[in-house]
Structures are given as C-alpha cells and as structure tokens.
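My numbering runs 931 ahead of the 1-based position in the sequence shown.
Structure first, commentary second.
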Amino acid sequence: MNNTPLAPVTVIGLGLMGQALAGAFLKAGHPTTVWNRTSSKADRLVAAGARSAPTVGDALAAGPLTILCLTDYDAVYELLGPDEIDLTGTTLINLTSGSSGQAREAAEWAARRGAHYLDGAIMAIPAGIGTADAVILHSGPQQVFEAHEPTLAALGTVTHLGADHGLASLYDVAGLAMMWSVLNAWLQGTALLRTAGVDAATFAPFARQIAAGVADWLPGYAEQIDKGAFPAEVSALETDARAMDHLIEESEAVGVNAELPRLIKAMAERAIAAGHGGEQYPVLIEEFGKPHTG
Ligand code: FVH
C-alpha cells in the first residue's frame, strides 16, 4: 500500500467546468482548495471535502499548483492582475478557453509575475471530467507539465503538446473546425434526404460509415500535405469539382440550401485555376492556408 500523500491543488473558478475539475481532484484524493467569486458555488464541494479559501490570495497560497477555469482571459487578468496578488513561484495552469495569442500573452504576463505557467484546453464536457474520455491538452514548459502530471491525471487523459504556450488553444480550435465541418456535412446530407422522406435516423448510420471511411484517408493525405506533393492516386481535383457541381445542382433542384457546397466548389475552382486540377484533394491546403481576399 502506498501511503504517500497526494499533492494539494487549488481550483479558481467554479462554474460548471471548474466544479467538475475540483470534484475530480477530490474524488482522486487530492487535498483541494477552491475559490469562486460567487462563494455559494463552493458549497457542494466543501460538503465533499474541499476547503473554501476566503480570498484569492489564500487560495493561491494553499499549495504550489493552481488551476484556473474562468469565463475568459479578461476574467483571469481582472482577478489576478492586481500587483498585491503574489504569484511568485506558484504554478498556474489556465484551462480557460481562448486564442493562441491570448495564451502566449498570458505566459509572458505570468513570467513577469514570477509564476510558472501552462496553458490548457479542455476537450470534454463537465460530466466527462475524471474519466479517460476527457482529453485535456497542455502547452508550455515540459518540466512544469511533468512536475504536475500525476495530479492532472485525476482529470482525464492529459497530454503535453509542446513548449509553445499557444499550442493547446490551436489544437482546441482545430478540433472545433473538424467538429463543425463534420456536423455541417451531415446536416447537408440529411436535408437532401429529407426531401425524399428519408429521416435523419435512417441516414445517421450511413453517414457515420462515410465519416469513418474518410477518417481512414487522413494519414495518407497528411503525408501528401507534409511532403507538398499531391499525386492523384484516387481522384483528381477536377473530377471532384464535377461531383461538387452535382451536389450544388441537386441541392438547388430539391430546394435545399446550397451555400456550403458552393463555398467548397469556389475553393476548388481557385485551386484548379492555379493549375492544381490534376492533383489530389488535399492540394486544397494551399487555399485553406491563406486568407481569403476575394
Ligand atoms: N462547460 C463546458 O462544457 C466547456 C468545455 C470546454 C471548455 N470550457 C471552458 O471552460 C471555461 C469555464 O467554463 P464554464 O462552463 O465553467 O463557465 P461558467 O459556468 O460560465 O463559469 C465561469 C466562471 O468564471 C467566473 N468568472 C467570470 N468572470 C469573472 C471575474 N471577472 N472574476 C472572477 N471570476 C469570474 C465565474 O464566477 P461566478 O460568475 O460564478 O462568480 C465562474 O466561476 C470557459 O473558458 C469555457 O470556454 C467549458
């Protein structure tokens, strides 16, 4: 039996997510200190064994590691910005959502205040926290992550992405891009099929199979992108562009919104005009990788 006491941890910000984080630390046996602007949100956690700190300063002083989970970065600065709040030597792990630029700025701010800093992104909903399905991404100095990894592991599957503090936020938005694109594609297909009386539930398993099939293409397509060479092994972009026309025409014919197919077709047309019609679909990375000026 291992009787080594678990490391203490502080959680600041007890909204829906912060309460789930603190609850998972408590469940794993970590001495957990909490603070929230609206103090009543700590009540349930205190009943479960947490210590409620009377001030933010007390919460930070309770141990070497503090998790921040606030609405946005402005809230972080509003709360911890005043100079009388001593951050020297403490480790802040900021799981507040924001952009990569905000994460890098926050890292500089924390360094000026003498704190160690990791930025993070939670790819889970509150109910999933504390299970292996909850993926939590971290970026910043590796040694800071390694020092606290055993504590962070109470939250789910924790990963360190690299020293650049902006990486966790970038992965976060890249994940959102994937999620909404897949959902929008499914909604487009569902809208088309509903015009023929096929309901969403009937299409869903078929759509799932297509999504899984497309997911299988990703490693090979990623290799093409990383090499910058796009031989048409399966289909050329100009062939795909003709299929895009079918999608647009069908959508218009049955009275379904064709904005999304037209957008995709416009990108393909630009790539074809730039001489990439004979190459494979991932050559569109060149269109995705620059601002749209049209
Ligand atoms: N909930 C989720 O499923 C998502 C999953 C992915 C990542 N997010 C991000 O987590 C951050 C917090 O989200 P949340 O769901 O816990 O949000 P709320 O329930 O609205 O709680 C917000 C907390 O922030 C406190 N707060 C706001 N402004 C201030 C401030 N100026 N000073 C001090 N605290 C502040 C707020 O306090 P109170 O209103 O209870 O007094 C809450 O504790 C967020 O970045 C998500 O994007 C969650």
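For glycine and all other residues, C-beta sits at the position ideal for the given N, C-alpha and C.
Excluding five sequence positions before and after L947, the CB atoms of its chain that fall closer than 7 Å to its own CB belong to P1057, given in chain order. Taking A990 as the centre and dropping the five residues before and after it, the same chain places the C-beta of T941, I943, T964, V965, W966, A984 and T997 closer than 8 Å to its C-beta, in chain order.
Taking all protein chains in view, the Cβ of D1050 is crowded by 16 or more other Cβ atoms within 10 Å, so the residue is classified as buried.
For I1024, the Cβ stays outside the 7 Å cut-off from all heavy atoms of the ligand FVH. Three or more Cβ pairs closer than 8 Å define a contact, and the region 1162-1179 meets that threshold against the region 1200-1214. Taken atom to atom, the span from the alpha-carbon of L1092 to that of H1079 is near 15 Å. Secondary structure in the region 960-1041: the beta strand (DSSP E) runs of 3 residues or longer, each lying completely within the stretch, are 963-966, 996-999 and 1022-1025 in chain order. Within the same chain, Cβ atoms closer than 7 Å to the Cβ of W1117 are found at A1138, the five residues on either side in sequence being excluded. Burial check for P1192: the Cβ neighbour count within 10 Å reaches 16 or more, so the residue is buried.
Counting the other Cβ atoms within 10 Å of the Cβ of E1210 gives 16 or more, which makes it buried.
Here the alpha carbon of L1068 sits roughly 43 Å from the alpha carbon of V1185. Not one heavy atom of the ligand FVH sits closer than 7 Å to the Cβ of P1150.
As computed with DSSP, V1089 is found in a beta bridge with I1067.
In this structure, DSSP gives H1207 a helical state, which the three-state scheme calls helix.
Residue pairing by DSSP places V940 opposite T963 in a beta bridge. Per DSSP, A1052 is one residue of the beta strand (DSSP E) stretching across H1047 to M1054.
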